[in-house]
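Residue numbers (UniProt numbering): 1 to 268.
Worksheet: the structure to be examined is printed underneath.
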């Protein structure tokens, strides 16, 4: 589901839409396809985007979903996504991003600045996000529930092969291949930095910077545009009048052509 917000935040309205249009139907389909009871529990923290009475906003056909809220200030301790899932995802995203940077710059001799300007956009970003999420292992997702619901975590040993090289090492290797001075601690600091919420002052400063950059870019583009003079416009319209008169003489569809000509002259 794609929604636009000027501040790039999930709002309560967007979250309710996601539950009713994406989460609920997907869960219901999964349960039915696997012959499981049509029951689901949605566990939420107290983030501003999570309505306190979400069950009241769930549509009738999805009333099988029950909502449970975690106690305040327990997200880092209990929330499954905070138990290495998000951090692993961010590392995988960084790895795929560095790999794309390397592949493009190596094959085209572009600089990193040129890569960001001309070869990276929201579509590519979403593709990398998809790749990174698919790389999060079942073992990681299952282990994330141990603190909140240990009884539900199977005690079997997963047979997933551990990678010979860590994600951090891959990121460092790709970074150095592009001439960057990067070490594993830099990667971990980057992941940790983006795990912290921005303060109100930081958000306001970021928005101000983005607005300034956008206005500067718009001003630059406008200065590049060629201005068409009034005399040139009149000359073009005169040419159109000559063409329309010729067409009226040579075609039986005089009425249609005349109306088109009149309309254009009126708009002019």
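Don't be surprised by glycine CBs; every beta carbon is placed ideally from N, CA and C.
Remember, predicted model here, so these are calculated numbers, not experimental data.
Spatial distance of residue i from residue j (CA atoms)
i	j	result
residue 140	residue 51	28 Å
residue 110	residue 243	48 Å
residue 125	residue 235	47 Å
residue 91	residue 29	31 Å
residue 99	residue 191	17 Å
residue 321	residue 5	With the chain represented from 1 up to 268, any question about residue 321 goes unanswered, as that position is not in the structure.
residue 3	residue 47	18 Å
residue 55	residue 66	7 Å
residue 15	residue 9	10 Å
residue 161	residue 38	Its pLDDT being 47, under 50, residue 161 is placed unreliably by the model, and nothing is read from it.
Burial state of residue i, where buried means 16 or more other Cβ atoms lie within 10 Å
i	result
residue 88	buried
residue 94	buried
residue 32	exposed
residue 170	buried
residue 19	buried
Neighbourhood of residue i by C-beta, 7 Å cutoff - its chain only, sequence neighbours within 5 removed
i	result
residue 75	45, 82
residue 12	49, 51
residue 78	70, 147, 148
Other residues of its chain near residue i: CB distance less than 8 Å, five sequence neighbours each side excluded
i	result
residue 21	1
Beta-carbon contacts of residue i that lie in its chain and below 6 Å, excluding the five residues immediately before and after
i	result
residue 53	none
residue 177	102
residue 132	89, 92, 93, 96
residue 42	65, 67
residue 144	80, 83, 85
residue 182	172, 175
residue 119	104
Is the region 57-74 in contact with the region 22-30, if contact means three or more CB pairs nearer than 8 Å?
Short answer: they touch.
Ranges of the alpha helix (DSSP H) found wholly within the UniProt domain "DDE-1" (2-145), counting only runs of at least 4:
Unbroken alpha helix (DSSP H) runs of no fewer than 4 residues, entirely contained in the UniProt domain "DDE-1" (2-145), are found at 12-18, 24-33, 54-57, 75-78, 85-108, 112-118, 122-134, 138-143, following chain order.
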